[in-house]
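These notes concern the structure reproduced below.
Residue numbers (the working numbering): 4 to 427.
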């Protein structure tokens, strides 16, 4: 029987056949992988119903084991899930981003993962992500991203004192850089200060005050002034602590802000001026610049208290008057400052102020009687304010002034007029 001949395939044909088989296998495998990924999300609801598998755990497990592109697809597939319930997944995604933050600049997929995770953390109010949000803010130096992150932190970090402290420190560092002449990102600073106001922590008061006093552009300063009004705490107490705690050369700017601005009520402004005056009187400045700064605070506070006629400040105004007279006697300040101090006591309208000015008039009378120099304008100011104070205790000193030969007639006439007023 004849043996059938087996036809041989040429090497070229074999090669062609193998190439086709390989191509089919590759396309098949790639398609299966795609179908597997799609099927993963299609079957999750069924798994949850019949096998009692936690969908969140399934998403998290697949996120952990997948590449960047698939991680992004997993997060997108979770869009129809409740953001609050799926907070751990978005927290996991954010932690992954933070762990690979050095790749954020060059890897767009990682930035998309970050953006999606941040948005969903914000929507779901997922508080455990706060620390990683702060880490991302520190690690990723990009304006738009930082503005977004700090906005979310402003809404979520209210109960996290440590993160609030970190934010305060960051704002303080920007202020220090600004003082040193280094440019900072004002857009990010503004967004951060706004979030500080939303957080409302009393601990932020000093750093927001610094931000205001540094005189940034209006768009920053306006946000800072709004933020400081949102902070917890008693305004008068916060302002008083601030004026006491600041360096000498920085006190006057704070004094002017609190007395001229809207942060304090009018009554609180007067009491704040009293506190500021008492603080200035307690200082012992040594540098010439500090000495002058302290004086300017004293004179400004005394003027404010005079205009407010704030009688609870009488005792501290007496101390200011004593210091002012001493400085004038030593030739360190102009006479106008003494006249202002006398007028401040005259505005207090009480016996305590009248008693101090009466004592001073008696001293001036003694100077006149002993032929010692005296200033006519100061004597007249003292008599005039004793008339305003209208205290009978001043009568004897005023009467004595009418008897002194060294006084000119205008002093004697003023004394007689004041006597008539206090005797009624």
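We put the beta carbon where it would ideally sit given N, CA and C, even for glycine.
Alpha carbon to alpha carbon, how far is residue i from residue j?
i           : j           : result
residue 117 : residue 199 : 23 Å
residue 88  : residue 57  : 11 Å
residue 207 : residue 139 : 21 Å
residue 391 : residue 302 : 21 Å
residue 247 : residue 238 : 14 Å
residue 332 : residue 325 : 11 Å
residue 85  : residue 136 : 20 Å
residue 106 : residue 134 : 20 Å
residue 235 : residue 422 : 52 Å
residue 255 : residue 294 : 12 Å
residue 219 : residue 257 : 15 Å
residue 398 : residue 231 : 51 Å
residue 153 : residue 122 : 12 Å
residue 68  : residue 181 : 45 Å
residue 2   : residue 322 : Limits of the chain in this structure are 4 at one end and 427 at the other, which puts residue 2 out of reach.
residue 251 : residue 284 : 12 Å
residue 330 : residue 381 : 15 Å
residue 403 : residue 286 : 38 Å
residue 73  : residue 95  : 15 Å
If you compare alpha carbons, which of the options is closest to residue i?
i           : options               : result
residue 253 : 172, 418, 212 and 220 : 212
residue 242 : 371, 77, 183 and 260  : 260
residue 98  : 120, 342 and 180      : 120
residue 350 : 327, 320 and 370      : 320
residue 190 : 202, 222, 166 and 386 : 222
residue 79  : 68, 62, 224 and 67    : 62
residue 315 : 280, 325, 326 and 337 : 280
residue 344 : 364, 306, 134 and 197 : 306
residue 276 : 170, 312 and 388      : 312
residue 273 : 128, 317 and 285      : 317
residue 282 : 188, 297, 361 and 292 : 297
residue 264 : 286, 398, 225 and 376 : 225
residue 417 : 383, 406 and 295      : 383
residue 155 : 113, 412, 111 and 201 : 201
residue 362 : 115, 127, 164 and 389 : 389
Per DSSP, what kind of secondary structure is residue i in: helix, strand or coil?
i           : result
residue 286 : coil
residue 186 : coil
residue 209 : helix
residue 28  : For residue 28, the pLDDT reaches just 36, beneath the cut-off of 50, and the residue's location in the model is therefore unreliable, although a value from the coordinates is still provided. Helix.
residue 139 : helix
residue 215 : helix
residue 427 : coil
residue 376 : coil
residue 387 : helix
residue 350 : coil
residue 225 : helix
residue 238 : helix
residue 56  : coil
residue 306 : helix
residue 149 : helix
residue 13  : Here the model assigns residue 13 a pLDDT of 44, short of 50, so the residue's position is not dependable, and the following value carries that caveat. In the structure shown, residue 13 sits in coil (DSSP, three-state: anything other than H, G, I, E or B).
residue 204 : coil
residue 266 : coil
residue 69  : coil
residue 396 : helix
Using 10 angstroms around the beta-carbon of residue i, count the other beta-carbons present and answer buried if the total reaches 16, otherwise exposed.
i           : result
residue 204 : buried
residue 228 : buried
residue 401 : buried
residue 409 : exposed
residue 184 : exposed
residue 309 : buried
residue 338 : exposed
residue 334 : exposed
residue 396 : exposed
residue 146 : exposed
residue 70  : exposed
residue 394 : buried
residue 373 : exposed
residue 144 : exposed
residue 171 : buried
residue 101 : buried
residue 375 : exposed
residue 125 : buried
residue 192 : buried
residue 108 : exposed
residue 174 : buried
residue 29  : Low confidence applies to residue 29: its pLDDT is 37, below 50, so where it sits in the model is not reliable, and the reading given next is rough at best. By the 10 Å Cβ count, residue 29 comes out exposed.
residue 359 : buried
residue 151 : buried
residue 164 : exposed
Is residue i close to chain D? Criterion is C-beta to C-beta, closer than 8 Å.
i           : result
residue 285 : Structure shown: chain D not included; a single protein chain is present.
Taking 7 Å as the line, does the beta carbon of residue i fall inside it for any heavy atom of the ligand HEM?
i           : result
residue 234 : Only the bare structure without any ligand can be found here, which leaves the ligand HEM out of the picture.
Beta strand (DSSP E) runs wholly inside the segment 311-347, at least 3 long, in chain order
none
Those runs of the alpha helix (DSSP H) which lie wholly inside the segment 84-120 and span at least 4 residues:
90-102
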